[in-house]
Amino acid sequence: MIGYLRDLDITTGTAFRATSVPAECEIPARAWDLDGLRQQYECVIAFAGQLRDAAAAGRVPPTDALIARTRVMDEWRAFPGLDPDLPAELLPSAWPRAQARELFIGCYDLLGPLAALRIRQIITTYSPELADRAAYHSSELKLSTAPDPSTANG
């Protein structure tokens, strides 16, 4: 690590750690655009909530599931770069991160089999002998086999 810092011509540095934060602290709101971040979470909540409900009701065909799962994953992947992941005591009340995460996971898991089925359908068109290799991950990082397109509607 020291060699890497030396290569970057960094010769000094300072680190600090607060052990307490004053009540009603406004520093996080001044340092980060928490209102903008809340709006982004609320957009994901609205989209993912509708999507999860539609998937749970069986109203998302495999062709749409692949697109929707890709979109919800793409939107969720933006948050690590946007959200400073502050502790709850430094965030405004009713912070939407947990709700957005729950809805993302719900969509991700519900759409997984349908999206994988669509992939399997596509592979079958070009290389049927490889189609049974299509798989998907759940939020628990379990690898599952895609459903058989000959037994599914869509």
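Everything in the sequence shown is counted per the numbering used here, starting at 244 for the first residue and increasing by one.
Ideal Cβ positions, reconstructed from N, Cα and C, are used throughout, including at glycine.
Sequence-distant residues of the same chain with beta carbon closer than 7 Å to Ala299, five excluded per side: Leu353
Ala358, enclosing alpha helix (DSSP H) - first and last residue: 340-369
Glu285 versus Ala343: straight-line alpha-carbon distance, rounded: 7 Å
N- and C-terminal bounds of the beta strand (DSSP E) containing Ala378: 378-380
Any 3 or more C-beta pairs closer than 8 Å across the segment 346-361 and the segment 377-391: yes
For Leu309: DSSP bridge partner residues: Looking at the DSSP assignment, Leu309 forms no beta bridge with any residue, so it has no partner.
CA-to-CA distance, Thr367 to Ala337, given in whole angstroms: 47 Å
Alpha carbon of Leu280 to alpha carbon of Asp326, nearest angstrom: 7 Å
Secondary structure of Leu386, DSSP reduced to three states: strand
Other residues of its chain near Leu373: CB distance less than 6 Å, five sequence neighbours each side excluded: Ile366
Closest residue to Thr313 among Asp250, Pro371, Asp391, Ile362 (Cα-Cα distance): Ile362
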